[in-house]
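Using numbering that gives the first Met the number 0, the first residue of the sequence shown is number 0, and each one after it goes up by one. Beta carbons are placed, not taken as given, at the ideal position from N, Cα and C, and that holds for glycine. As the structure is a computational prediction, the values presented were derived from the model and not from experiment. What follows is one structure encoded as structure tokens, with my remarks underneath.
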Amino acid sequence: MTKAALIVFTDLDGTLLDHETYSHAAAGPALQRLRERGIPVILASSKTAAEVAPLRAEIGLSAYPAIIENGAGILPPHDSSARDAGDYARIRAALDMVPAELRRHFIGFGDMSDAEVARSTGLDLNRARLARQRNHSEPGEWTSNEDERAAFERHLADRGITARYGGRYLTLSLGGTKADRMDEIAALYGQPRRIALGDAPNDLEMLLASDVPVLIRNPHARPLPPMPKDQAGHILKSTRTGPAGWNEMILSLLSEAISRQTGA
């Protein structure tokens, strides 16, 4: 791939997409400026390939890879689906080997119907169907206590499966984070300077793995956890929310970059 001076990694919901409307329209001017300068924009989301591919095409970013399923996989450029579901099959097979008294407490997306995933996530039925088309990870509801969850995770770890607990779901994968995938993708473009944008604590790993971390204001999100002052002070913050904040920050950063290049 062509070397780049800058590369942008961005979360979707609440960041590039509006929290309520899921529109990216307010980020249009910044996206156009990035396009004119040939700066890659890499979507990084918990969404599946089936969910990300149409969004990536709509935004005009199909020429670039995308990070999917919270870093468990990468969707190649111009690909409409991550067709290799071998990771997911391995995870489901490992679940089948967990003792029944523990397994019954984990209700994964693969154990649910589209309608049940819709009820659990709040997605509409079509988006729930896309969310169930998994390739690299299995989110699920854990219904028992912490001790039993630790035992459940140990059984999976013996089979090479990692578990990460978020705000709602326990997600199983073969490992890999958004930060890991950032390293892989940046290497394809000659290790350019990285800008990363997110809106919530689950984006923190990605933000701290960038050169320029940007927190997009989201009154619906939990605050970031406490961190060392040098890290906290390094994070830039938008004044606007969602794609308007994304637009604000990218245009400002590009203006600063141009000023440095021209010596202005």
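By the Cβ test, the segment 29-42 is not in contact with the segment 212-229, since fewer than three Cβ pairs between them sit closer than 8 Å. Considering only Gly121, Arg180 and Lys236, the residue with the shortest C-alpha distance to Arg167 is Gly121. Judged by pairs of C-beta atoms under 8 Å, the segment 64-74 touches the segment 41-51, as three or more such pairs exist. The distance from the Cβ of Ile234 to that of Leu252 is about 13 Å, inconsistent with a contact at the 8 Å cut-off. Around the beta carbon of His77, fewer than 16 other beta carbons sit within 10 angstroms, so the residue counts as exposed. In the structure shown, Pro138 falls within a strand segment according to DSSP collapsed to helix, strand and coil.
In this chain, Tyr188 is not harboured by any alpha helix (DSSP H), its DSSP state being neither H nor E. Burial is judged here by how many other beta carbons sit within 10 angstroms of a residue's own beta carbon; Leu124 has fewer than 16 and is exposed. For the pair Asn246 and Pro28, the CB atoms are nearer than the 8 Å cut-off.
For Lys236, the enclosing beta strand (DSSP E) has its first and last residue at Leu235 to Thr240. The C-beta of Ala114 has fewer than 16 other C-beta atoms within 10 Å across all chains shown, which makes the residue exposed. Between Ala26 and Leu15, the C-beta spacing is below 8 Å. Gly174 and Arg153 have their alpha carbons spaced roughly 15 Å apart. Close CB contacts of Ser237 within its chain, under the 6 Å cut and outside five residues either way in sequence, are with Ile215, Arg216, Gly244, Glu247 and Met248 (chain order). Spanning the alpha carbons of Arg91 and Leu187 requires a straight line of approximately 31 Å. Only buried fits Met181, as 16 or more other CB atoms lie within 10 angstroms of its CB. By the criterion of a C-beta distance shorter than 8 Å, Ser22 is surrounded in its chain by Leu16 and Pro242, once the five residues flanking it on both sides are discounted.
Per DSSP, the unbroken alpha helix (DSSP H) holding Tyr87 starts and ends at Gly85 to Asp95.
Between Phe108 and Gly139, the C-beta spacing is below 8 Å. Exclusion of the five residues before and after Phe151 leaves Leu101 as the residues of its chain whose Cβ lies within less than 6 Å of its Cβ. The Cβ atoms of Leu203 and Leu223 sit closer than 8 Å to each other. In the DSSP annotation of this structure, Pro227 is not part of any alpha helix (DSSP H), being labelled neither H nor E.
Beta-bridge analysis with DSSP links Phe108 to no other residue. By the neighbour-count criterion, in which 16 or more other beta carbons inside 10 Å mark a residue as buried, Ala208 falls on the buried side.
Put simply, the backbone Cα of Ala62 is about 13 Å away from that of Ile6. Residue environment analysis places Arg118 among the exposed positions, since fewer than 16 neighbouring C-beta atoms fall within 10 angstroms of its C-beta. Bridge pairing for Leu5: Arg192 [DSSP].
Between Ser172 and His135, the CB-CB gap stays under 8 Å.
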